[in-house]
Each structure stands twice: as structure tokens, then as C-alpha cells.
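Engineer: Before we start, here is the structure in question, set down as C-alpha cells.
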Amino acid sequence: MVTGILSPNCKLEVRILDKHSGFYCNEIQLGQVILNLVLNAMAAIGGKQGTIEMVYRRVTKQEFGESFSQSNWEALDPQFELFGQISITDDGEGMEKEVVDTIFEPFFTTKGEVGGTGLGLSIVQNIVASHRGVVTVTSRPGIGSCFTITLPLAEDPKLETGPVQKAPSWPLSGMEGLPLLLVDDNLSVLKVLQKSLSRQGIEVFATVDPFEALALLKENQFPILITDDYMKGMHGLDLAMKAKLINPQISVILLTELLRREIVEAVQATIIDEYLLKPVSPFELFSSIRKAKPSNLNKH
């Protein structure tokens with residue numbers, strides 16, 4: 000995947016320092032993150048001859064480096080003790096501290112300075128965070144930059160020997176009778192989600208057709224819309240924009256496999272209220288619905 004996009008002037012070196020047993024992650028999304036960081040490393044090198052080094056190693060919490068801030072520590076799931084780190088280092092132009100401090104902010108780009116490319120680092124950070132990990136960066140002007148992804152390992156023994164976590168109690172109070180519009184052009188996925196939501200007493204109106212969804216939105220004042228991202232005929236963001244025009248008070252939850260810049264911008268523009276990365280757990284979905292549910296719909 001990575002070698003196919005390398006510029007002729009860039010050499011890739013890969014080192015695997017420890018045995019890899021797998022991350023708790025979506026493989027496609029992790030690949031998207033790595034690809035994006037390599038593209039940014041290439042942009043930092045520019046037209047000169049340069050090297051991109053990719054290193055994997057296993058670490059414990061006690062081995063985290065100085066790049067770990069208090070917020071990084073707080074972002075990690077406390078149930079994990081073993082982590083895998085993927086570091087992507089370039090010998091490009093590097094960045095000043097002022098740039099490093101703002102590099103993960105939305106809409107940040109190094110284009111014009113070191114030639115930024117790809118998703119945007121705020122989206123990279125969001126993807127890694129959704130997998131209960133963190134991404135850190137160190138950089139020196141004229142020397143280069145190093146981005147490190149830290150993710151929990153699937154082999155963490157604490158997960159096997161630690162105390163069993165208490166499952167959330169269902170149904171969630173205040174959900175019974177809540178009307179909700181669910182849209183996904185994959186009938187199998189639609190049925191699974193509809194069944195899961197209905198079991199909690201939610202009144203689910205489901206359709207595979209986004210155009211039928213628009214008709215339903217015009218006829219009914221749904222407080223919540225849950226829609227898939229990629230659908231035939233109309234994407235989820237387009238449906239969300241039309242839904243907000245029909246009912247500005249509606250809360251929209253977008254389900255997506257890949258986090259794109261447009262989705263982050265849509266949240267900031269309040270076109271959608273929240274996005275969830277697939278595969279979505281029932282707990283994540285119900286938590287989002289609870290947050291999206293208007294306070295005046297507590298009782299039905």
C-alpha cells in the first residue's frame with residue numbers, strides 16, 4: 000500500500016522490533032492513518048533525497064517517552080497495559096514548536112510550508128482516538144519529524160485475567176417510545192440496527208432509500224436521524240443537509256467507515272451532530288442517541 004505511492008526521491012525503511020499480535024482496530028482505518036502520515040512525510044521531504052523510517056515496537060505504560068503529555072495519558076483506556084507503537088520518521092524540513100503545538104487543530108495545514116497532503120492531522124488524531132489510542136509528534140527544524148501512533152494490543156493479559164467489566168443495563172431509561180428515522184441502503188445492516196434499537200423501546204422508522212427518507216422527514220417531525228455515509232443516489236451528508244433544512248432542530252448521527260475532512264467540517268457547521276466509526280457497538284449507538292435526544296422527549 001505504502002510503497003506504491005512513494006516518490007522516486009524517497010526511500011522507505013521498515014523495522015519491526017517486536018512480535019506483532021494485532022491491534023484492537025479497524026484495519027482499513029489504521030491503513031488510512033499510516034498512508035496519510037507517509038504522504039505528509041513525503042511532502043515534508045519535498046524534492047530532495049530523503050528517507051522515511053517506519054518502526055513498530057511493543058511498549059508498556061512505563062516505557063512511554065517524553066512526548067506523552069497529561070492529555071495523552073488521560074486519553075488511554077486504563078484497562079490496557081500493553082501497547083504497540085508505529086513511528087513514522089522523516090528527514091524533511093521539520094517544524095517549529097509553535098507549529099507542532101497547533102498541528103492537530105481542525106483545518107490546520109502545512110501546505111505552502113512543508114507541503115501537507117491527505118486527510119489532515121486532526122482527522123488522523125480522531126481516528127486513532129476512536130480506537131482508544133493516541134498520536135504524538137516530535138519535530139526539529141532542519142532535522143525532521145516523527146509521528147508515533149500508540150494503540151492497545153489484542154494480547155494484553157490484563158484483558159484476560161482482570162475483573163469482568165459490568166455490562167450496561169438495558170433498556171436505557173427515557174428511550175421508550177422515542178421516534179427515530181434510520182437510513183442505510185444495506186438491507187442486512189438496516190435490519191440489524193432496527194432490531195437492536197427496537198429492543199430498547201425506540202420507535203424506529205427504517206428505510207433503505209434516502210429519497211424515501213426525505214419524504215418521511217417532510218411528513219414527520221423526527222427528533223433524530225441516523226444515516227449511513229455512503230449510499231446509492233445520495234450520500235449521508237447530503238441527506239443530513241436536506242434534513243436540517245426541513246427541520247433545523249433534528250439531531251443527525253452519521254455512521255461511516257472512513258473519517259474524511261468533510262465529516263469533521265460538517266460537525267463544526269452543525270450539519271451533523273455526531274459521527275460514529277463503523278463497526279459501531281450498541282453501547283456507542285445508544286450513548287449517541289441519549290446525547291442527541293431532546294430534553295423535552297424524556298417521557299412518551
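Residue numbers (numbering that gives the first Met the number 0): 0 to 299.
In this text, a Cβ means the ideal position worked out from N, Cα and C, and glycines have one as well.
No experiment lies behind these values; they were computed from the predicted model shown.
1) Taking 7 Å as the threshold (C-beta atoms), are Ile245 and Lys217 in contact?
2) Skipping 5 residues on each side, what residues in its chain have a beta carbon closer than 6 Å to that of Val32?
3) Is it buried or exposed for Leu16, if we count other Cβ within 10 angstroms and need 16 for buried?
4) Would you report the Cα separation of Val98 and Thr137, rounded to the nearest angstrom?
5) So Ala153 and Phe282 are in contact, right, with Cβ under 8 Å, and what is the actual spacing, rounded?
6) Within a Cβ cutoff of 7 Å, which residues of the same chain sit near Asp89, ignoring the five residues on either side of it in sequence?
7) Quick check on the DSSP output: the alpha helix (DSSP H) that includes Ala212 runs from which residue to which?
8) Distance check for Ile288 and Asn219, CA to CA, integer angstroms please.
9) If I follow the unbroken alpha helix (DSSP H) through Leu196, where does it start and stop?
10) I need the straight-line Cα distance from Lys10 to Pro178, nearest angstrom please.
11) In this structure, how does DSSP classify Gln248 when only helix, strand and coil are distinguished?
12) Can you tell me where the alpha helix (DSSP H) with Pro151 in it begins and where it stops?
13) Hey, would you say Asp183 sits closer than 7 Å to Asp228, going by beta carbons?
14) Bridge partners of Gln124, per DSSP?
15) Assuming Leu224 and Leu180 make a contact with CB atoms under 8 Å, what is their CB distance in whole Å?
16) Based on DSSP bridge pairs, tell me the residues matched to Asp89.
17) What are the start and end residues of the beta strand (DSSP E) that includes Thr226?
18) Is it true that the segment 265-285 meets the segment 241-256, where meeting means three or more beta-carbon pairs spaced less than 8 Å apart?
19) Determine the direct distance from the alpha carbon of Gly30 to that of Met233, and round the result to whole angstroms.
20) Hey, does Ser121 have any beta-carbon neighbour from chain B nearer than 7 Å?
21) Beta-carbon within less than 8 Å of Pro222's beta-carbon, same chain only, minus the 5 sequence neighbours each way: which residues are those?
22) Determine the closest residue to Lys47 out of Pro7, Leu189, Tyr55 and Leu150, with distance taken between C-alpha atoms.
23) Given Lys231, which residues of its chain have a CB within under 7 Å of its CB, disregarding the five upstream and five downstream residues?
Structural biologist: According to the structure data:
1) Yes.
2) Val123 and Ile126, listed in sequence order.
3) With fewer than 16 neighbouring CB atoms inside 10 Å of its own CB, Leu16 falls in the exposed class.
4) Rounded to the nearest angstrom, the two C-alpha atoms are 11 Å apart.
5) Wrong, their Cβ atoms sit about 19 Å apart, outside the cutoff.
6) Counting only residues of its own chain and dropping the five nearest sequence neighbours on each side, Asp89 has a CB closer than 7 Å to the CB of Ala40, Ala43, Ile44, Gly49, Ile51, Gly143 and Ser144.
7) According to the DSSP assignment, Ala212 belongs to the alpha helix (DSSP H) that extends over Pro209 to Glu218.
8) Distance between the alpha carbons of Asn219 and Ile288: 18 Å.
9) Per DSSP, Leu196 belongs to the alpha helix (DSSP H) from Leu186 to Ser197.
10) Distance between the alpha carbons of Lys10 and Pro178: 55 Å.
11) Three-state result, Gln248: coil.
12) Counting along the chain, Pro151 falls outside any alpha helix (DSSP H), though it belongs to the beta strand (DSSP E) covering Gly143 to Pro151.
13) Inclusion of Asp183 and Asp228 in the CB contact set at 7 Å is not warranted, their separation being larger than that value.
14) BP columns for Gln124 are empty, so no partner.
15) Right, their Cβ atoms sit about 5 Å apart.
16) Answer by DSSP bridge pairing, in chain order: Ile51 and Ser144.
17) Counting along the chain, the beta strand (DSSP E) containing Thr226 begins and ends at Ile223 to Asp227.
18) When Cβ pairs closer than 8 Å are counted between the two stretches, the segment 265-285 is seen to touch the segment 241-256, the count reaching three or more.
19) Whole-angstrom Cα-Cα distance: 26 Å.
20) Protein chain content of the structure displayed is limited to a single chain, and chain B is not contained in it.
21) In chain order, Leu177, Pro178, Leu179, Gln248, Ile249, Ser250, Ala291, Lys292, Pro293 and Leu296 place their CB closer than 8 Å to the CB of Pro222, counting only its own chain and leaving out the 5 sequence neighbours on each side.
22) Its Cα nearest to that of Lys47, the residue Pro7 stands out among Pro7, Leu189, Tyr55 and Leu150.
23) Only Asp184 meet the Cβ criterion.
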